[in-house]
Amino acid sequence: MSNSRTYYQILNIPPDASLDEIRASFRQLARQYHPDVNPQQEAQHKFQEISEAYQVLSDPVQRSLYDQKLGLHKPENSPSQATQTYRDLYIQGIEKAFQQNYSAAIDCYSEAIKLNPSFVEAYLKRGELYYKLGQDQKVLENCRQVLQFEEGCEEIYFYLGRSRYRLGYTQSALEAYNQAIALTPDYAAAYYHRGVAYHDLGMDSHAAEDLRQAALYFQEQGDYSGYRLANDTRRQLKPLLLHWDRLRQFCLNLWRVFFRLFLQPKGGLGEVFPHLHPTAALVMGLIYGAIAHLAFLLGVFIGWQNTLSRLSWPQLIFIGLIPFTSLVLLSALLRLIFPSQGHWGGDFLLAGTTTLPVGFLALCSGFSTLLGPTMMSLLTLLSAVIVVFNLYTANHQISHLPEQVAVWCVPLLLFASGWLSLTAFLSLMGGG
1 MSNSRTYYQI LNIPPDASLD EIRASFRQLA RQYHPDVNPQ QEAQHKFQEI
51 SEAYQVLSDP VQRSLYDQKL GLHKPENSPS QATQTYRDLY IQGIEKAFQQ
101 NYSAAIDCYS EAIKLNPSFV EAYLKRGELY YKLGQDQKVL ENCRQVLQFE
151 EGCEEIYFYL GRSRYRLGYT QSALEAYNQA IALTPDYAAA YYHRGVAYHD
201 LGMDSHAAED LRQAALYFQE QGDYSGYRLA NDTRRQLKPL LLHWDRLRQF
251 CLNLWRVFFR LFLQPKGGLG EVFPHLHPTA ALVMGLIYGA IAHLAFLLGV
301 FIGWQNTLSR LSWPQLIFIG LIPFTSLVLL SALLRLIFPS QGHWGGDFLL
351 AGTTTLPVGF LALCSGFSTL LGPTMMSLLT LLSAVIVVFN LYTANHQISH
401 LPEQVAVWCV PLLLFASGWL SLTAFLSLMG GG
């Protein structure tokens, strides 16, 4: 230590503090003196002291040896020789484990357990050494013995999970890690190994989240080697996760835009668009445009095939593409005339979300004889309202055109796109 204060004094805890009290005090002090929060030289020195104290006191072996050095081991209240003996055997086991004489340490812990069959600390240390020696079946048996009288020990579940995992029982290992985390929500090592188990099961999104949590808790607890390990492992997962995470986020945004288009046409699109990458916005616009185009063709096939029999399907496909294409080009032209922060992705999204309600209206028109004139009038009015509000929102909040310009752009875009579509339709009908 850098001064005469004990580790207990550095963490502001009594010598008989529990592990939970040690963790709580460390977290509070670490937040106060962490270099990222408090860059002063004195605070950095204080944070090093706190981390050093926590590293020793949070480890039962190091703490026991440290307490011996301080002379803190006192006789138990009970004068019985048996009580003294199992405690002495436990301390001997810690000393032998510290010397890496694991077999002798296990014998000491086993003798202590014989004298006190409910001595959880001895079970924990014995299970830890069984695990280090690769004796996983003995770890499982050791854990089962503890769980008969103590179900609230997170370390038992942790070593149960580690041994199950090493024996190939990955799913049951996950269950043990879940129990450990349920008992101690900031159990960094349990998060880390559960993340590894998730990865083995192909659940990489869960694995990445657990590794992120592990890194966070390792950092909070001053375990920077664990922090680096969790981050390095998570980075190795990124190539595997990149495609799925992007696809999942894209589908979620696709639904959000669709939902807001019909339930919140005024302003709703502007809440989602800032979070979209330009490429994602472009692809999303193409998808909406394709859906609108298919809806238009299906409506023609169902209800207007005889009326438009003079037009071939390639000509109908061409006519259906004109509204979408014209809106993309007109939106880009407006951005050139009125310089803004928009981009091509926004132009495609504007065109796709505008043609989508029109495409659905075309589809409904195929059932006009069933729906009746009143319902068709209501659907036409609803589609018109959605289109108008969407165009205003897109021009003002996506293309970032001035409000007055955005208002006048709505009828301009509708007129220009409608005129081009009608002209193409009449030309093809006349030519047919």
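Here the sequence shown stands for residues 1 to 432, where the numbers follow the working numbering.
By construction, the Cβ of each residue, glycine as well, lies at the ideal position given by its N, Cα and C atoms.
Bear in mind that the values here come from a model prediction, so they are computed numbers and not experimental data.
Considering only L311, L336, A190, the residue with the shortest C-alpha distance to F218 is A190. Taking a cut-off of 8 Å on C-beta distances, the segment 298-316 touches the segment 363-373, as three or more cross pairs fall below it. Non-local C-beta neighbours of L174 in its own chain, meaning closer than 7 Å and more than five positions away in sequence, comprise R194, A197, ordered along the chain.
If you compare the alpha carbons of V328, L329, L336, H293 with that of Q315, the shortest gap goes to H293. For the set N395, T369, L361, the Cα lying nearest the Cα of T380 is the one of L361.
By the neighbour-count definition (other C-beta atoms within 10 Å, threshold 16), K125 is a buried residue. In this structure V120 does not touch E95 by the C-beta definition: roughly 20 Å separates them, more than the 8 Å allowed. In terms of Cβ geometry, F250 and A281 do not form a close pair [threshold 8 Å]. Taking a contact to require three or more Cβ pairs closer than 8 Å, the segment 155-165 and the segment 132-140 qualify as touching.
By the C-beta density criterion, P185 is exposed, having fewer than 16 other C-beta atoms within 10 angstroms.
Put simply, the backbone Cα of L330 is about 50 Å away from that of L201. Q68 sits in a helix when the DSSP states are folded into three classes. Annotation for M203: no alpha helix (DSSP H) segment contains it, and DSSP assigns it neither H nor E.
The C-beta separation of Y109 from Y131 comes to about 13 Å, leaving the pair out of contact by the 8 Å criterion.
For L297, the enclosing alpha helix (DSSP H) has its first and last residue at 278-299. Contact between L70 and R63 is absent: CB atoms are separated by about 10 Å, not below the 8 Å threshold. I22 is positioned such that its CB atom lies no closer than 8 Å to that of Y66.
Boundaries of the alpha helix (DSSP H) harbouring W344: 344-365, taken from the DSSP string.
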